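Novice: First the structure, then my questions, so here it is.
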Amino acid sequence: MSNPPPEDPYHPQPPPPPQNPYGQAFPGAGDPRQEGPPSKAMAVASLVLSFLFCVPFVAAIASIVLGVIVLGRSRNGRDHGRGLAIAGIVISTLVLLATIAVVVLIVVFASQVQSVDDLEEGQCVNFSGVDDSSSTETFSAITLAECTESHDAEVVGVYELTEDLLAQHPDRDYTEICTPAFLASSGSDRDDLDATFATDVADPDPGDQVACFFERTDGEKLTAPLG
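First residue of the sequence shown: 3, per the working numbering; consecutive thereafter.
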């Protein structure tokens with residue numbers, strides 16, 4: 003029985019088979035070098051969510067998150083819907099900032115809106131939603147204002163409406179109740195001022211307040227405190 007000849011130590015060995023530079027793919031997995039559809043889908047979703055103004059906070063945040071993920075995947079040089087993702091992020095950011103600005107404005111306005119029950123003598127106010135089409139002027143809201151700046155009226159007194167006072171004024175004209183405040187005010191001797199009053203509701207109940215104001219007779223704004 004013959005033995006195989008010894009290997010030639012100087013004989014070169016055949017080169018190993020070529021290796022996949024991206025590593026061995028798992029069974030069922032696609033080629034990682036190819037652009038997968040999920041990235042494009044997320045980019046489209048990011049752009050679509052940026053236009054959902056009905057739920058701005060949730061949609062905008064979700065859009066930004068998806069857009070950032072797509073941009074992260076685009077670092078390998080592939081597109082992955084990068085343009086759509088950037089558009090979604092920009093639009094969502096603008097929507098988010100606009101929503102925050104609107105919320106801040108609403109909060110600021112709400113903090114300035116006052117009910118008649120909360121008014122105090124010496125405060126200056128503006129009236130919103132004024133309706134003078136009927137014999138009794140009405141308005142939708144009272145907001146506080148600086149007395150040194152342009153304003154509609156100044157509070158000269160606030161009184162509680164008792165059952166007796168309401169019974170004495172079935173016509174809801176509370177000018178007589180405000181008369182002491184008008185006479186005591188420094189604006190009582192000015193011809194350019196008109197006395198008026200306001201309640202929170204058209205038909206107040208006992209315990210509600212009536213606020214007494216001075217405003218200009220020509221409908222222009224006051225620009226300084228009466229005192």
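No residue lacks a Cβ here, since even glycine has one placed at the ideal position from N, Cα and C. Note that this is a predicted model, so its numbers are computed, not measured.
#1: Given that a residue counts as buried once 16 or more other Cβ atoms are within 10 Å of its Cβ, and exposed if not, what is R75?
#2: Can you check the region 135 to 176 for any beta strand (DSSP E) of at least 3 residues that lies completely inside it and give the ranges in chain order?
#3: Where does I63 land, buried or exposed, given buried means 16+ other C-beta within 10 angstroms?
#4: Could you say which of V109, A155, S94, E151 lies nearest to L121 if we only look at CA atoms?
#5: Assuming C126 contacts C180 (C-beta within less than 8 angstroms), just tell me the rounded distance between them.
#6: Roughly how many angstroms lie between the CA atoms of T145 and F129, to the nearest whole one?
#7: Residues bridged to F199 by DSSP?
#8: Looking at the strands, I want to know which residues DSSP matches up with S130.
#9: Once the 5 residues before and after Y161 are set aside, which same chain residues still bring their CB inside 6 angstroms of it?
#10: Can you tell me whether DSSP reads L68 as helix, strand or coil?
Specialist: Let me lay it out:
#1: buried
#2: 143 to 147, 155 to 162
#3: exposed
#4: A155
#5: Actually they are not in contact, since the Cβ atoms of C126 and C180 sit about 17 angstroms apart, beyond 8 angstroms.
#6: Put simply, the backbone Cα of T145 is about 7 angstroms away from that of F129.
#7: C214
#8: A143
#9: I179, V212
#10: Reduced to three states, the DSSP call for L68 is helix.
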